[in-house]
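Chemist:
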Amino acid sequence: MDTPGSRHRGILEIVGPRIANGILPAGSVMTLADLEAEFECSRTVARDVQRSLEECGLTVAQRRRGLIVQPMQYWNVFHPDVIRWRLSGEGRERQMESLTDLRMAIETRAVALAAKYASRDERTEILKAGLKVVELGLESAGPEFMEWDIRFHRLILKACGNEMFAALSTVIESVLTWRTQLNLMPPVPEPRAIHNHEQIARAIYAGDADAAVAAMRDLVDEVQEAFASHMPNVLRSATTATPLPPPAE
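For the sequence shown, numbering that gives the first Met the number 0 gives the first residue as 0, with consecutive numbering after it.
Rendered as structure tokens:
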């Protein structure tokens, strides 16, 4: 039996993408009664859906009219649900380009700051996480690899000392997670990407901001180029990857 929470979530996962992908364009109107009728749900569940849509900035309630779909400039584009819904529809290319631009702006600066200001413990944690990404990435882009890749990027954003960058860690996590789940990631990471992860980790550990920036820039460039190429994932498996040397003691 569906719980109120799961029922609300199931409806949201239908209505949210309709708005994010333009099926319900800006200015469209729906009412709580419309939601109740279409999904055979209670008024309480319909109101929960309304609150979630408003949290995402997708709709605004107007008295005697209902829920009005908002133009994109009012959306909470950093909300993980909005990112995922946009990546899953026809606007995927525009969303991926925007996210890549964001990563280029934020993460290249973050690695430079981390190389300059991270504590010894933070540098050690980043190095360990980066080398674990390398180790796992030589085999596959599976769940454990993704877990460590997310951890690696979150550690960098935290260690850079900019609280606003750190607050964007959930956005970066969404990009990494949904790139895989929406089949925008090859079964085995590209050797170039694996190499760049190690270079970033070692550069931050050594305090080399320039090297860290260069490697991060190339890492994000690789993501953009892979997406733009539209090559099938089966043709992009990194079977030629070779192990990288262990860290110097």
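Heads up, the beta-carbon is just placed ideally off N, CA and C, and yes, glycines get one too.
(1) Using a 10 Å radius around the Cβ and a threshold of 16 neighbouring Cβ atoms, would you call I250 buried or exposed?
(2) Where are the alpha helix (DSSP H) runs, 4 residues long or more, that stay fully inside the region 1-72, in chain order?
(3) For the 8 Å Cβ check, are there 3 or more pairs between the region 186-196 and the region 124-140?
(4) What did DSSP end up calling A247 once you bin it into helix, strand or coil?
(5) What is the rounded straight-line gap between the Cα of P79 and the Cα of I155?
(6) Leaving out five residues before and five after M145 in sequence, what residues of the same chain have Cβ atoms less than 8 Å from its Cβ?
(7) If I follow the unbroken alpha helix (DSSP H) through W147, where does it start and stop?
(8) Would you call M215 buried or exposed, if buried means 16 or more other Cβ atoms sit within 10 Å of its Cβ?
(9) With distance defined between alpha-carbon atoms, name the residue in G4, F151 and S173 nearest to R83.
(10) Closest to R201 by C-alpha separation, out of D100, V28 and V132, would be which residue?
(11) Quick one: is S228 buried, meaning 16 or more other Cβ sit within 10 Å of its Cβ, or exposed?
(12) From G90 to N20, what does the alpha carbon distance come to, in whole angstroms?
(13) Report yes or no: do the region 109-126 and the region 37-52 share at least 3 C-beta pairs separated by less than 8 Å?
(14) I need the straight-line Cα distance from G15 to M71, nearest angstrom please.
Modeler: Quick answer:
(1) Outside the shown range of the chain, which is 0 to 248, sits residue 250, and nothing can be said about it.
(2) Entirely contained in the region 1-72, the alpha helix (DSSP H) runs reaching 4 residues are, in chain order, 3-19, 31-38 and 42-54.
(3) yes
(4) Only weak support exists for where A247 lies, its pLDDT of 44 falling under 50; the coordinates are left without a value.
(5) 20 Å
(6) Excluding sequence neighbours, M145 sits near L175, T176 and T179.
(7) P142 to A158
(8) Result: buried.
(9) S173
(10) V132
(11) exposed
(12) 6 Å
(13) no
(14) In this model, G15 and M71 are separated by some 13 Å (Cα to Cα).
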